[in-house]
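In the UniProt record's numbering, the protein residues as written are 1 to 179. Notes for the one structure printed next.
Below you can see the structure in the form of structure tokens.
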């Protein structure tokens, strides 16, 4: 004969048991693919400006003809003109200025770059849930160098991290959250 275990005692079972903080799911944070799409959107103006400058640099090369004798003349390009170099340099300068404004100033003040705003998320401080400011935004962009050091693995961290943070996000205590 097997005996049955006694019934549990009457009353509140959880009484005296310390409460456990709820586990925060990854759904409160921006998915990795959304972050990638935002970066692609942010990169379009930079790539366009650089491409325009490159096309100008390549196409605006004066053609010169050098005749050694009446029977033999060589025609060729002598490299980009000064005007082409100036236009290329201006395009690159505008691309760099746009990148600094978009990723440092705009993102630091509002939490979102243009791409992040289009994809409906922002970068905020982990504790404050507020935009991180221009200085910390600049540091975050520089810290992305750490993400890139080992075969860009730091950029893949959001795929398995509970808070979907890159290494730069962990270093600066930032998270990406939906708007």
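Glycine is no exception: its CB is placed at the ideal position from the N, C-alpha and C atoms.
- In this structure, the alpha-carbon of residue 143 lies about 24 Å from that of residue 118.
- With a 10 Å radius around the Cβ and a threshold of 16 neighbouring Cβ atoms, residue 29 comes out buried.
- When rounded, the separation of the alpha-carbon atoms in residue 179 and residue 53 is 35 Å.
- Just so you know, the alpha carbons of residue 58 and residue 41 end up roughly 26 Å apart.
- Contact check between the region 44-52 and the region 78-98: three or more CB pairs, one atom from each, fall below 8 Å, which counts as touching.
- In this structure, the CA atom of residue 100 is about 14 Å from the CA atom of residue 111.
- Residue pairing for residue 69: DSSP places it in no beta bridge.
- When the beta-carbon positions are compared, residue 167 and residue 147 come within less than 7 Å of each other.
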